[in-house]
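With the working numbering applied, the sequence shown covers 949 to 1084. Ideal Cβ placement from N, Cα and C applies to all residues, glycine included. Bear in mind the structure is a predicted one, so any value in this text is a computation, not a measurement. Below: one structure, written as structure tokens.
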Amino acid sequence: MSQSIAFEVTVPAPYEQAIEKTTAALKTEGFGILTRIDVKQTLKEKLNAEFRPYAILGACNPPLAHKALQHDGQVGLMLPCNVTVEAKDDKSSIVRIGDPDAFLKIGEFAKDAVLQGVAKEARERLARAAEALKHA
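Next up, the structure:
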């Protein structure tokens, strides 16, 4: 059995409201949103393709990012933490929050105690945010 790479939650809210709830839940855990990619709009502009409402949010907890980057600059390849929000239907959305613990099992990161500690703390915070969304 493989480990999931994300916390997945169905939020009983329409797409835009789910983005607001997700942003608020992450903020409670010390994460801000650095980027927001509107996938639907991008695919329409670049490919003239239709797609459901879908956003990729780049979430960052500055103290954790700073600690990890000071220790190993390669960690920047995994930052910010990606969160996706997509419309499931008119009344609900799916939120997926990437699990940093899963991503830091790659290569030499897996053997680095400092980075594993940062990933553990980030994972705990992101898991709490996902849990909060279940009750939002």
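Closest by CA to residue i, which one among the options?
i: SER1040; options: ALA954, ILE1004 and PRO960; result: PRO960
i: PRO962; options: ALA1003, THR990 and HIS1019; result: ALA1003
i: LEU1063; options: GLU1072, SER952 and LEU1052; result: LEU1052
i: GLU1056; options: GLU968, ALA1075 and ASP1020; result: ASP1020
i: PRO1028; options: GLU968, LEU974, LEU982 and THR971; result: LEU982
i: LYS1036; options: ALA966, LEU974, PHE955 and PRO1011; result: ALA966
i: ASP1038; options: ALA1007, LYS1068 and PRO1001; result: PRO1001
i: LEU1081; options: GLU993, VAL1031 and PRO1048; result: VAL1031
i: PRO1010; options: GLY1046, HIS1083, PHE955 and GLU1069; result: GLU1069
i: ARG1044; options: THR990, ALA1058, ALA1007 and ALA1013; result: ALA1007
Ends of the alpha helix (DSSP H) at residue i?
i: GLU968; result: 963 to 976
i: PHE1057; result: Looking at the DSSP string, PHE1057 is not in any alpha helix (DSSP H), and its letter there is neither H nor E.
For residue i, which of helix, strand or coil comes out of DSSP?
i: ALA997; result: coil
i: ASP986; result: strand
i: SER950; result: Low local confidence applies: a pLDDT of 49 at SER950 is under 50, so the model's placement there is unreliable, with the coordinate-based value given in what follows. Coil.
Which residue comes first and which comes last in the beta strand (DSSP E) that contains residue i?
i: ALA1078; result: Per DSSP, ALA1078 belongs to no beta strand (DSSP E); it is in the alpha helix (DSSP H), 1061 to 1082.
i: LEU1005; result: 1002 to 1008
i: SER1040; result: Where SER1040 is concerned, there is no enclosing beta strand (DSSP E), given that its DSSP letter is neither H nor E.
i: VAL1031; result: 1029 to 1035
Under 8 Å by Cβ, that's how I've got residue i and residue j pegged, so tell me the actual separation to the nearest angstrom.
i: ALA1077; j: ASP1049; result: That pair is no contact at about 14 Å.
i: LEU1005; j: VAL1033; result: 7 Å
i: ARG1073; j: GLU968; result: Their Cβ separation, rounded to whole angstroms, is 19 Å, which puts ARG1073 and GLU968 out of contact at 8 Å.
So that I know if they touch, is there some Cβ in chain C lying closer than 8 Å to that of residue i?
i: ASP986; result: Among the protein chains of the structure shown there is no chain C, as only one such chain exists.
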